[in-house]
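The structure under discussion appears below in the form of structure tokens.
2 protein chains.
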Amino acid sequence: MTQSEFKLDEAVAILERTPATLKAMLDGLPDIWTRAAEGEGTWSPYDVIGHLIHGERTDWIPRARHILAGETRPFESFDRTAQFTESQGKSLVELLGMFAALRRENVAALLNMNLTAADLERKGLHPELGEVRLSQLLATWVVHDLDHVAQIARTMAKVYGQATGPWTAYLSILRDRV
Amino acid sequence: MTQSEFKLDEAVAILERTPATLKAMLDGLPDIWTRAAEGEGTWSPYDVIGHLIHGERTDWIPRARHILAGETRPFESFDRTAQFTESQGKSLVELLGMFAALRRENVAALLNMNLTAADLERKGLHPELGEVRLSQLLATWVVHDLDHVAQIARTMAKVYGQATGPWTAYLSILRDRV
């Protein structure tokens, strides 16, 4: 398997593309796709965008600043259900726009930190995971984006699970996370 | 789980967005992401785009025409490794452009078929799966797109599998298809 160490410019290349990826995937799609879920307690593409917005506000950059400030207290816990209240009354296109604006600001903030190799090794305290490095936080930001892009594609694919008939046998995505 | 019957306009909404989704995800990304693979015998994002191009040329629309022509012979088999020769010497940006052009032509061809509900029920013979309906072929085209979008996101996520450190525990995509 291809594995790579964290490199800031390579990470930013993913982070700065995610808003456009999600807009291309979702903007203007019928609700049958954007409001679909994989089952009880799972998230629709609409829910996922709200979750990503909450992460831009409270997770990645605030935690990076927490580490760089040399805080010894653990990070604030992340609220994984905030989007269910925060997205209320907002259209998907509004959420996609909010996410794009926040991500643009956050990538700019990340680049303005002018992080050195030594900074990337600095440590913070996660409330559940214990000691973590700044480079691990930033790598997680990247993988978290890709995880949710894959989740959105998988959730929408399952809408046509039955509709594919015998081809279901070839479409392994229909059997992921079931 | 949200399930829906095949509807042509809803299917086209996904099919016509896939080229822009893949361009937003991949165009200009460093090779560390686009040439990554999940392991022996798996495909990189670059390989996947070549596979999608081969599908546009030989699979979806040719098979739809085969069904509508009332052919009783089975479909031609689909070559799942054609991209390893066909993509040779081509850059990723070239492949993304070829895919976008072919998909545009094929969506136009699909709409020009003016398919009726009765047409969507028409049957063809798959060389391995046996009798399949036109609606199932077209639903499979949609799910196949989404399957490969998810595969690309998953493959790239795994590049940073180790780099996320303790957060690996929360990133379930790193444990998909291992």
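Top to bottom, those sequences are chains A and B.
Per our numbering, the first sequence starts with residue 373, numbered consecutively.
Per our numbering, the second sequence starts with residue 373, numbered consecutively.
From the three backbone atoms N, C-alpha and C, an ideal C-beta is built for every residue, glycine too.
Please report whether the beta-carbon of residue i lies at a distance below 8 Å from any beta-carbon of chain B.
i: Ala-480/A; result: no
i: Gly-533/A; result: yes
i: Trp-432/A; result: no
i: Leu-543/A; result: yes
i: Thr-488/A; result: no
i: His-438/A; result: no
i: Gln-455/A; result: no
i: Thr-374/A; result: yes
i: Pro-446/A; result: no
i: Pro-402/A; result: yes
If you draw a straight line from the C-alpha of residue i to the C-alpha of residue j, how long is it?
i: Asp-517/B; j: Asp-451/A; result: 32 Å
i: Arg-475/B; j: Gln-508/B; result: 19 Å
i: Leu-501/B; j: Ser-449/A; result: 50 Å
i: Ile-404/A; j: Ser-376/B; result: 8 Å
i: Thr-414/A; j: Ser-416/B; result: 28 Å
i: Ala-472/B; j: Glu-503/A; result: 45 Å
i: Phe-447/A; j: Asn-484/A; result: 22 Å
i: Pro-538/A; j: His-498/B; result: 10 Å
i: Ala-441/B; j: Thr-453/B; result: 28 Å
i: Ser-482/B; j: Pro-391/B; result: Inspection of the sequence shows that residue 482/B is occupied by Leu rather than by Ser. Whole-angstrom Cα-Cα distance: 16 Å.
i: Glu-382/A; j: Tyr-532/B; result: 11 Å
i: Glu-458/A; j: Leu-464/A; result: 13 Å
i: Leu-510/B; j: Met-470/B; result: 21 Å
i: Asp-519/B; j: Ala-529/A; result: 7 Å
i: Gly-422/B; j: Pro-402/A; result: 28 Å
i: His-426/A; j: Ile-386/A; result: 19 Å
i: Gly-400/A; j: Thr-406/A; result: 9 Å
i: Glu-412/B; j: Leu-492/B; result: 39 Å
i: Tyr-435/A; j: Ala-489/B; result: Sequence check: residue 435/A is Arg here, not Tyr. Their backbone Cα atoms lie some 54 Å apart in a straight line.
i: Leu-424/A; j: Asn-486/A; result: 24 Å
i: Phe-378/B; j: Thr-540/A; result: 14 Å
i: Asp-431/A; j: Tyr-418/A; result: 19 Å
i: Glu-466/A; j: Arg-494/B; result: 41 Å
i: Arg-437/A; j: Thr-527/B; result: 30 Å
Please confirm if residue i has its CB atom under 8 Å from at least one CB of chain A.
i: Ala-511/B; result: yes
i: Lys-495/B; result: no
i: Phe-378/B; result: yes
i: Leu-506/B; result: no
i: Asp-491/B; result: no
i: Arg-547/B; result: no
i: Gly-537/B; result: yes
i: Ala-525/B; result: yes
i: Ala-529/B; result: yes
i: Ala-441/B; result: no
Taking all protein chains shown into account, do 16 or more other C-beta atoms lie within 10 angstroms of the C-beta of residue i, making it buried, or fewer, making it exposed?
i: Thr-512/A; result: buried
i: Asn-478/B; result: buried
i: Gly-461/A; result: exposed
i: Ser-544/B; result: exposed
i: Arg-389/B; result: buried
i: Arg-445/A; result: exposed
i: Phe-456/A; result: exposed
Please report the Cβ distance between residue i and residue j, rounded to the nearest whole angstrom; I am assuming they are in contact, meaning their Cβ atoms lie under 8 Å.
i: Arg-549/B; j: Glu-410/B; result: 7 Å
i: Ala-525/B; j: Val-420/A; result: At roughly 12 Å, the Cβ-Cβ gap does not stay under 8 Å, so Ala-525/B and Val-420/A are not in contact.
i: Leu-506/A; j: Ile-439/A; result: 5 Å
i: Ala-408/B; j: Thr-374/A; result: 4 Å
i: Glu-428/B; j: Gly-496/B; result: The pair is not a contact, with the Cβ atoms about 18 Å apart (cut-off 8 Å).
i: Leu-468/A; j: Leu-380/A; result: About 26 Å; that fails the 8 Å criterion.
i: Thr-536/A; j: Val-384/B; result: Wrong, their Cβ atoms sit about 16 Å apart, outside the cutoff.
i: Ala-396/B; j: Ala-480/A; result: No, Ala-396/B and Ala-480/A are not in contact; Cβ-Cβ is about 19 Å, not under 8 Å.
The stretch 410 to 430 of chain B: which residues have C-beta closer than 7 Å to a C-beta of chain A, in chain order?
-> Glu-410 and Gly-411
Residues in the stretch 458 to 482 of chain A with C-beta within 9 Å of chain B's C-beta atoms, listed in sequence order?
-> none
Of all the residues that make up the stretch 381 to 399 of chain A, which are near chain B by a beta-carbon distance shorter than 9 Å?
-> Asp-381, Glu-382, Ala-383, Ala-385, Ile-386, Arg-389, Thr-390, Pro-391, Ala-392, Thr-393, Leu-394, Lys-395, Ala-396, Met-397, Leu-398 and Asp-399
Which residues, in order along the stretch 512 to 523 of chain B, keep a beta-carbon less than 9 Å from a beta-carbon of chain A?
-> Thr-512, Val-514, Val-515, His-516, Asp-517, Leu-518, Asp-519, His-520, Val-521, Ala-522 and Gln-523
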